[in-house]
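Student: Supplied in structure tokens, the structure appears directly below.
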Amino acid sequence: MQGAIARFCVVVAAAILNHPLLFPDNSTAPAPEQENDLLVRMKEHQERLEAEQTRLEQELSAEALSADLDGSYSWYFWSALSLVIFFTIEVCRQEASQVDGQGSDAPNEDLDGWFSGGGSRDRYLVLEKGALGSLCETCFHGPTQESRRVREFVEGFADDLLEALRSAGDREADMEVEDFVGVGSVFESWGVCRPFTCDLIVPFAPPEPYCYQFQLWCGPSSDLTPDLWQGCGQIRVARLGEGSADCLCGSTNLGEDMLCLVHARNDPPKDADHCLEELLCSKGTTYLAKDQVMKWFQISVTKAWGRISHKYEFELTFRNLDSPGALKIRFRSGKVVLLNLTPVVQLEDTDAYFISHFPTDGESSSDMHWHLSFSVYERNLLKHLAKSLPESSCHIRCLQVASFLHKKQTSLTGRCALTNYHLKTALLHLLLAKPPSAWGPQNLDQRFGDLLGLLQKSIQEKRLSHIIIGNSSVPAEIRVPEIFRAAESVNLFRPLVLQRQLYTGVVEHVQELVRNAPVLIQEYTPHVPNGDVLRGPHSARQS
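Residues -15 to -1, 1 to 528, numbered by mature numbering (1 follows the signal peptide of the UniProt record, and there is no 0), are exactly what the sequence shown covers, in order.
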């Protein structure tokens, strides 16, 4: 009998020790509103166990004389009872975990985890109240005004340079260079880092009788592997009427007394002149090659600058041979302005462009595969969303602070795969996800914390979805072509999946950025003699 009682005590002790309220699991702790229900259920269960214990003790005392006879049966009984107890406790634990999981808001925890009043130094960004507002008011106001003047100068200079480029070539045989389109931080009014970098894309078209034929990775009859060439396409240089049913003059003998109103009689025959293919296409193919286009564009820009250099009192140089139009303007005063003139091919009548040099292209791609740039759609989306935001909204400030800290950290630890394009994409996702009322000037600290939280979450998952491709949340006013809206989403962090070294570099970069941010912000924020941080008009208010 003593052995049976001892076994019973062990079972009860084990059940109590496994009670979820005795040693609660922090990861599955119930919400405060659910604790009362859980305590009531566990108390009822405890009372049933105590009643069962009393009944069993009475039976044991009554059958003490036959303990030896019933010993073997008692062992089976206690074993079965222990299984029932453990099973009941486990069921209660799982129910509590499920209820807690349904009542929690995991996304908010992910977004708020990087901006908090406490926590690990490596993970949380701890700043003095109003520090971000003070940084923006004191450090970003001047550069914002200056960037507008730089933009006006660059627009005038680019017009002059491209006009000289057009006049330097043969208008009938050379490529047709169209007007530039301004994209990027300076033209979206969030660039604050010096030297200012102005990004201009320059569409070019072939002369007659040539035309472009496009093949997209998401096209219905595409030969491109979607997983390998996400966001890419090929550009075939063809002659008008070649492979097309629009005009019959290329495949039908019209005779001497008939004239095609589309193509002149003196157009060269199909097999006669292949100078354009030899100049811009990959060897042995009719597909436009990025390297060939870059060489042609660089030579053309050099000739154009030679024609107008006497009009300007500054020095113009190519700063990066891998990028065809990466120019550096240095004035006599020592001031520097960076200008990126990038040749692109417009996709039919859309605002999407095949670009020869893509900023997030971390891997060496084929010379015949061109990345698609949706910079114009992204610029229009940012403008469209800003219309519904409160006055003096903080969305631009968030991006300016993130870009500022990213540049400062890059100067300390070197470049990584993370770019300003990723930061802007993360901000656009937040603008689509949060209501306009959440972007008031008093919400700067919270929204910047959300931006860092979303960036951290995306890096951990190695996935940051393209803001345009495959995103049904983009408003219809942006007029994204249906082929891109219905396409599978493109992962901008795909290089982090393929290359472990890139992923490690980005993780370390962001960790160092968060660790050094308070020091950098304090360094660039002026202080008054009494030691208080100078605050702007909106920085003292919090949401």
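Backbone N, C-alpha and C fix where the C-beta goes; we use that ideal spot for every residue, glycine too.
1) Roughly how many whole angstroms lie between the Cα atoms of A337 and H451?
2) Take A190 and list the residues in its own chain whose beta-carbon comes closer than 6 Å to its own, dropping the five residues that flank it on each side.
3) Between the segment 159 to 176 and the segment 128 to 140, can you find at least three pairs of beta-carbon atoms closer than 8 Å?
4) Mind checking who L185 pairs with in its DSSP beta bridge?
5) With distances taken Cα to Cα, identify the nearest neighbour of N441 among W175, Q31, Y488, G399.
6) How far does the alpha helix (DSSP H) with G438 in it extend, from its first residue to its last?
7) Using 8 Å for Cβ pairs, my map puts H407 next to L477. What's the rounded Cβ distance?
8) What does the alpha-carbon distance come out to for the pair E508 and A274?
9) Please go through the segment 191 to 223 and give each complete beta strand (DSSP E) segment of 3 or more residues, from N-terminal end onward.
10) Is the segment 281 to 301 touching the segment 147 to 154 in the sense that three or more CB pairs, one from each, lie closer than 8 Å?
11) At the level of alpha carbons, what is the spacing between T510 and F125?
12) Going by alpha carbons, who is nearest to L332 out of L326, V492, N325, H356?
13) Cα-Cα, which of I70, L45, E42 is closest to Q31?
14) Buried or exposed for Q219, going by 16 or more other Cβ atoms inside 10 Å?
15) Determine the direct distance from the alpha carbon of L413 to that of K320, and round the result to whole angstroms.
16) Indicate the three-state DSSP secondary structure (helix, strand or coil) for E300 in the structure shown.
17) Of all the options P309, W281, I314, which has the alpha carbon lying nearest to the alpha carbon of S294?
18) Could you check whether the segment 422 to 434 touches the segment 364 to 384, counting it as contact only if at least three pairs of C-beta atoms, one from each stretch, sit closer than 8 Å?
19) On the CB-based measure, 16 or more other CB atoms within 10 Å of its CB, does N305 come out buried or exposed?
20) Over what stretch of residues does the alpha helix (DSSP H) that includes W290 continue unbroken?
21) Which residues mark the beginning and the end of the beta strand (DSSP E) in which K372 is found?
22) For H451, which of helix, strand or coil comes out of DSSP?
23) With respect to the alpha helix (DSSP H) encompassing H391, which residues constitute its N-terminal and C-terminal limits?
24) Would you identify the three-state DSSP class for Q484, choosing helix, strand or coil?
25) Return the chain-ordered list of same chain residues with a C-beta closer than 7 Å to the C-beta of T335, the five sequence neighbours on each side being excluded.
26) What's the call for N93, buried or exposed, on a 16-neighbour Cβ count within 10 Å?
27) Using only the alpha-carbon positions, how far apart do E376 and W281 sit?
28) Can you grab the Cα-Cα spacing for the pair E163 / N428, in whole Å?
29) Can you tell me where the beta strand (DSSP E) holding L357 begins and where it ends?
30) Among the residues of its own chain, which have a CB less than 7 Å from the CB of D97, if the five just before and after it don't count?
31) Looking at L417: is its Cβ nearer than 8 Å to the Cβ of S458?
32) Can you check which of these residues, F62, C266, F389, L481, is closest to N501 by C-alpha distance?
33) First and last residue of the alpha helix (DSSP H) that includes I468?
34) Candidates C121, Q486, I463: which alpha carbon is nearest K447's?
35) What is the residue span of the beta strand (DSSP E) that A418 lies within?
Tutor: Per the coordinate set shown:
1) Using only the alpha carbons, I get a separation of about 14 Å.
2) E161
3) yes
4) G167, L326
5) Before going further, note that residue 441 is Gln rather than Asn in the sequence given. Nearest C-alpha to Q441: Y488.
6) In the DSSP assignment, G438 falls within the alpha helix (DSSP H) that extends over 429 to 446.
7) 6 Å
8) 47 Å
9) 195 to 201
10) yes
11) 11 Å
12) H356
13) I70
14) buried
15) 32 Å
16) strand
17) I314
18) yes
19) exposed
20) 275 to 293
21) First-last for K372: undefined, no H or E at that position.
22) coil
23) 380 to 398
24) Assignment of Q484 by DSSP, reduced to helix, strand and coil, places it in the coil class.
25) P466
26) For N93, the predicted structure reports a pLDDT of 41, less than 50, and the residue's modelled location is therefore unreliable. A value from the coordinates is still provided. That one is exposed.
27) 46 Å
28) 42 Å
29) 355 to 358
30) Because the pLDDT of D97 is 41, which lies under 50, any placement of that residue in the model is unreliable, and the number read from its coordinates should be weighed accordingly. Result list for D97: G434, G438, in chain order.
31) yes
32) F389
33) 467 to 470
34) Q486
35) A418: not part of any beta strand (DSSP E); member of the alpha helix (DSSP H) spanning 405 to 418, first to last residue.
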